[in-house]
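Numbering (this note's numbering), first residue to last: 9 to 112.
Printed below as a string of structure tokens:
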């Protein structure tokens, strides 16, 4: 049986506390967070992973994708695995109509 990797539970708890505090600040500023506990958990994982494990793709002015491209994610998906592309297509089908809705 493989030994469990050492885990710094104190650091994980501190990350979760920091994430929960950030979610509380978002809510105080008027942001609606449907599931604060899940949001804090995800944010904690991002904090714990550190900046070297995070990639952010933003293309607000469409310099990467061009005017006719639907999203920067479609550009990146072209070089990733087929299972990733399947998930990307399903997420796009759900969220792109929401993104384009001018009445929100």
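Even glycine gets a Cβ: it sits at the ideal position worked out from N, Cα and C. As the structure is a prediction and not an experimental result, all values here were calculated from the model.
Does the beta-carbon of residue 31 have 16 or more other beta-carbons within 10 angstroms, so that it is buried, or is it exposed?
-> In the chain shown, residue 31 corresponds to position 23, counting from 1. Buried, by the Cβ-count rule.
Quick one: what does DSSP say residue 30 is sitting in, helix, strand or coil?
-> To locate residue 30, count along the chain shown from 1; it is residue 22. Of the three classes helix, strand and coil, the one that applies to residue 30 here is helix, per DSSP.
Boundaries (first-last residue) of the alpha helix (DSSP H) holding residue 65 = Mapped onto the chain shown, residue 65 falls at position 57. Unbroken run through residue 65: none, as it is neither H nor E.
Taking residue 59 as part of the alpha helix (DSSP H), name the residues at either end of that continuous run.
-> Position 51 of the chain shown, counted from the first residue, corresponds to residue 59. Note, residue 59: premise wrong, no alpha helix (DSSP H); not H, not E.
Extent of the continuous alpha helix (DSSP H) run through residue 94 = For the purposes of this step, residue 94 is taken as the residue at position 86 of the chain shown. Start and end: 90-108.
Can you tell me the Cα-Cα spacing of residue 99 and residue 71, whole angstroms?
-> On the chain shown, position 91 is the one that residue 99 refers to. On the chain shown, position 63 is the one that residue 71 refers to. Each residue's Cα considered, the two are about 23 Å apart.
With contact counted as at least three CB pairs below 8 Å, one residue from each stretch, are the stretch 90-97 and the stretch 49-59 in contact?
-> no
Do you know how far the Cα of residue 101 is from the Cα of residue 69?
-> Here residue 69 refers to the residue found at position 61 when the chain shown is read from its first residue. Here residue 101 refers to the residue found at position 93 when the chain shown is read from its first residue. The straight-line gap from Cα to Cα measures roughly 22 Å.
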